[in-house]
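The block underneath contains the structure these notes are about, expressed in structure tokens.
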Ligand code: SF4
Ligand code: SF4
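Numbering (the numbering used here), first residue to last: 35 to 374.
This is the structure in structure tokens:
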């Protein structure tokens, strides 16, 4: 999504007070369950306390509603759906048919996964699998010992199974990236070297590195890490991208993302913040019962925007989007250009 789309949304909400545009992107949690117990997982407490309250047919209905929202509102439409979590999306039985429905409905559809049951996608035609916009597979390390130390699988043999799954998927779809968290246990030369080897063997489009936000704050990798990544990328012929946006200072006082990326959670509620699943202060209520769209952009939603104190937030995934929206809101020349 471009910064201008975010700007337009924030402009409608924060400045003009008009009815808000529909968010271009939504996230859908297919489950709160997970077959791993990653040491850095930010949903561990939520998952422990909150079992799934959804059935698979609720997701099929949700996709239909997302299509309808675009037709009926006349104020934009959802374009991208990312199946993420919550928990691990591929452990949900029948998940592949929800993904298929999203693709067939014309949404740009992505999955963020630990790769465990990607093989269930083989129930779909190759032509459908080819249309997945992106699959991001979290492995953190190509070294099986580091992988298990960080990801703490609850079932045996996951490292090998995931590797086979990734290799199979890249043979059909060329937009499959392997994701690696730069974490105290994953930044050694040995671990990084095995991660690049893994990326080459499975045929990943690229290795995508990002900075870890741990319970006690951001992990700053040793400066040498970036040079090691660059060198290994050349050595193995595997493209690498390092996302350091979480290190950029905050320039915003309001979270504009509260209008941009609703999360349809498997506890049956819709949350406006991907870091606050289970927190009623960030929820517009049930997406399973009733019509949550009626609350979108209304008083309760605006109050949330006004009340949330971002000083309490760790640098989050939408951090960079908030920065870009803020830049456009304070840069009036840029602002005018957007709405000419
Ligand atoms: S795979 Fe994802 S949801 Fe599961 S423990 Fe790891 S980070 Fe958490
Ligand atoms: S963590 Fe804070 S800044 Fe990030 S999306 Fe949530 S409310 Fe917004």
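Ideal Cβ placement from N, Cα and C applies to all residues, glycine included.
- Relative to ligand 2, residue 342 has its C-beta within less than 7 Å of a heavy atom.
- Each residue's CA atom was taken as its position, placing residue 191 and residue 360 some 46 Å apart.
- Put simply, the region 56–64 touches the region 294–311. At least three CB pairs are less than 8 Å apart.
- Cβ-Cβ distances below 8 Å link residue 267 to 230, 241, 273, 274 in the same chain, with the five nearest sequence neighbours on each side left out; the list follows chain order.
- Per DSSP, reduced to three states, the secondary structure at residue 147 is strand.
- The residue from 214, 151, 206 with its alpha-carbon nearest to that of residue 237 is 206.
- DSSP, read as helix, strand or coil, puts residue 303 in strand.
- Scanning 284, 218, 129, 117 for the CA closest to the CA of residue 153 turns up 129.
- Taken in chain order, the unbroken stretches of alpha helix (DSSP H) that lie wholly in the region 253–294 and span 4 residues or more are 258–270.
- Judged by DSSP in its simplified three-state form, residue 141 adopts coil rather than helix or strand.
- Below 8 Å, too few C-beta pairs join the region 144–151 and the region 87–100 to call them touching: fewer than three.
- Assignment of residue 360 by DSSP, reduced to helix, strand and coil, places it in the helix class.
- Taking 8 Å as the upper bound for CB-CB distance, residue 220 and residue 175 are in contact here, some 5 Å apart.
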